[in-house]
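Enquirer:
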Ligand SMILES: Cc1ncc(COP(=O)(O)O)c(C=O)c1O
């Protein structure tokens with residue numbers, strides 16, 4: 001392996017890049033079309049129509065001079081950076097193709113893939129925070145993300161200020177003032193604004209445009225806005241178009257889409273990706289080639305799967321909304337709060353297929369409902385081809401203190417459902433019989 005690992009922090013342009021076909025006759029090709037071939041040249045792989053899985057830990061230089069040229073590039077002795085791949089902790093062909101294709105969905109310049117969504121989130125935060133810094137984040141976050149900020153980063157002198165997802169511009173201004181004062185007291189800066197929208201498990205939306213306006217008005221230094229777009233992305237919300245700088249995914253969910261892999265990613269402008277790439281180069285945590293290959297396959301159908309799951313969820317929610325044993329729904333297609341509806345109208349193009357159903361009663365009634373489901377599987381996670389149901393208060397968010405759970409609306413009668421691509425009437429029949437058993 002290279003003797004100077006931390007110097008390899010530049011993106012690595014391809015050795016023999018094929019000119020990408022991104023438009024035909026002035027027509028910009030859609031992501032669904034580009035998922036079939038973008039970023040892969042069969043000529044470089046014996047004509048193989050699909051990319052082979054590249055199982056190698058290191059990459060051979062064509063000759064010693066090429067090796068020298070490579071290291072001149074990465075050490076800055078020669079302008080232009082490194083050319084091609086060098087070592088598999090930094091990157092590999094399958095991951096590069098995946099990163100190119102993920103960038104397309106969010107209109108991003110660059111993307112990085114990771115071994116899990118939590119690896120992506122952890123490496124991202126570590127890359128931007130130093131001792132004394134403050135992270136400003138929306139609430140709720142996925143419990144492990146919240147835990148990483150509150151329990152892990154705090155060990156290194158990083159603190160946080162959080163705000164409720166629906167916060168207005170005025171509230172956000174006040175939050176940033178508080179964060180700036182806290183950072184000044186600690187001798188640091190506001191290092192990152194981290195959002196999750198919709199939030200897991202409440203589906204609460206964050207006003208990304210208001211966050212950007214507040215950041216631009218209130219913070220002098222370069223402070224990126226990152227957003228976890230796992231619940232609606234990549235199809236129904238493009239946060240980079242609304243003022244976010246970095247979009248974060250658990251690819252384990254809709255992008256992977258078959259509940260058979262774990263991976264994560266971030267995407268955005270190169271200038272935001274480079275510090276994270278440098279830390280990933282040092283720490284590792286890149287998605288492995290097999291998983292990257294599976295994700296390339298998944299991306300070919302992501303639009304089809306998400307559209308079908310979204311249509312199914314609309315039908316299931318129409319049924320549940322009228323059911324006498326259902327107290328309410330946390331579904332983005334049926335928002336009752338005008339502020340949330342306004343954010344939805346500006347930011348989202350679809351309601352997704354993950355929602356909360358509030359069963360009349362408490363934990364006992366919710367458990368009876370869950371235990372009676374016959375098609376829907378009782379499991380955490382979301383965004384797969386199959387319908388899943390879980391109880392956040394007793395499962396994914398069990399570690400959240402009771403007071404905060406109450407504040408965030410994570411109640412004992414909240415069941416989270418992720419609708420899959422099954423026949424919608426079969427799903428309705430399943431929910432109907434399970435509610436009858438409550
Ligand atoms: C919104 C959200 N972000 C991040 C994660 C973490 O992703 P992973 O399980 O791939 O590490 C999850 C997992 O459930 C999630 O729901």
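In the numbering used here, the protein residues as written are 1 to 438.
Every residue, glycine too, gets a C-beta built ideally from N, C-alpha and C.
Along the chain, where does the beta strand (DSSP E) containing residue 137 start, and where does it finish?
Expert: Taking the chain shown and counting its residues from 1, the one referred to as residue 137 is at position 137. That run of the beta strand (DSSP E) goes 134 to 139.
Enquirer: What are the start and end residues of each continuous beta strand (DSSP E) run of 3 or more residues lying completely inside the segment 195 to 281, in chain order?
Expert: 225 to 228, 246 to 250 and 264 to 268
Enquirer: Could you say which of 231, 225 and 331 lies nearest to residue 244 if we only look at CA atoms?
Expert: Within the chain shown, residue 244 is the residue found at index 244, counting from 1. The residue with the shortest Cα to Cα distance from residue 244 is 225.
Enquirer: Give the secondary structure of residue 24 by DSSP, where H, G and I count as helix, E and B as strand, and everything else as coil.
Expert: Here residue 24 refers to the residue found at position 24 when the chain shown is read from its first residue. Note: residue 24 maps to strand in three-state DSSP.
Enquirer: Express the C-alpha separation of residue 75 and residue 7 in angstroms, rounding to a whole number.
Expert: Here the question's residue 7 lines up with position 7 in the chain shown. Here the question's residue 75 lines up with position 75 in the chain shown. With a pLDDT of 41 at residue 7, under the threshold of 50, the modelled position of this residue cannot be trusted, and the question is left open.
Enquirer: Among 286, 44 and 325, whose alpha-carbon lies nearest the alpha-carbon of residue 95?
Expert: The residue given as residue 95 occupies position 95 in the chain shown. Of 286, 44 and 325, the residue nearest in Cα terms is 286.
Enquirer: Kindly provide the ranges of any beta strand (DSSP E) runs that are 3 or more residues long and lie completely inside the segment 375 to 420, ordered along the chain.
Expert: 388 to 390 and 414 to 418
Enquirer: Mind checking whether the beta-carbon of residue 134 lies closer than 8 Å to any heavy atom of ligand 1?
Expert: The sequence position of residue 134 within the chain shown is 134, counting from 1. Residue 134 Cβ: outside cutoff for every heavy atom of ligand 1.
Enquirer: Assuming residue 201 and residue 410 make a contact with CB atoms under 8 Å, what is their CB distance in whole Å?
Expert: For this step, residue 201 is matched to residue 201 along the chain shown. For this step, residue 410 is matched to residue 410 along the chain shown. Yes, they are in contact, since the Cβ atoms of residue 201 and residue 410 sit about 6 Å apart, within 8 Å.
Enquirer: Measuring from the CB of residue 142, is there a heavy atom of ligand 1 at a distance below 8 Å?
Expert: On the chain shown, residue 142 is found 142 positions in, with the first residue counted as 1. Yes.
Enquirer: Between the Cα of residue 216 and those of 198, 173, 335 and 364, spot the shortest distance and give me the residue it belongs to.
Expert: Residue numbering aside, residue 216 sits at position 216 when the chain shown is read from its first letter. Of 198, 173, 335 and 364, the residue nearest in Cα terms is 173.
Enquirer: Assuming contact is defined by CB atoms lying nearer than 9 Å, are residue 88 and residue 59 in contact in what I supplied?
Expert: Taking the first residue of the chain shown as 1, we reach residue 88 at position 88. Taking the first residue of the chain shown as 1, we reach residue 59 at position 59. For residue 88 and residue 59, yes; Cβs fall inside 9 Å.
Enquirer: If you follow the alpha helix (DSSP H) that residue 176 is in, where does it begin and where does it stop?
Expert: As a working mapping, residue 176 is identified with position 176 in the chain shown. Element bounds for residue 176: 169 to 186.
Enquirer: Measure the C-alpha to C-alpha separation of residue 41 and residue 272 and round it to an integer number of angstroms.
Expert: For the purposes of this step, residue 41 is identified with residue 41 of the chain shown, where counting begins at 1. For the purposes of this step, residue 272 is identified with residue 272 of the chain shown, where counting begins at 1. For residue 41 and residue 272, the distance between alpha carbons rounds to 28 Å.
Enquirer: In whole angstroms, give me the CA-to-CA distance for residue 204 and residue 69.
Expert: Counted from its first residue, the chain shown places residue 204 at position 204. Counted from its first residue, the chain shown places residue 69 at position 69. When rounded, the distance between both Cα atoms is 51 Å.
Enquirer: So is residue 281 buried or exposed if we call it buried at 16+ other beta carbons inside 10 Å?
Expert: Working through the chain shown from its first residue, we reach residue 281 at position 281. When all chains shown are included, residue 281 counts as buried.
Enquirer: Classify residue 184 as buried or exposed, calling it buried when 16 or more other Cβ atoms lie within 10 Å of its own Cβ.
Expert: Your numbering for residue 184 matches position 184 in the chain shown. So residue 184 counts as exposed.
Enquirer: Using 8 Å as the cut-off, classify the Cβ of residue 291 as near or not near the heavy atoms of ligand 1, replying yes or no.
Expert: One-based indexing of the chain shown puts residue 291 at position 291. No, the beta carbon of residue 291 sits no closer than 8 Å to any heavy atom of ligand 1.
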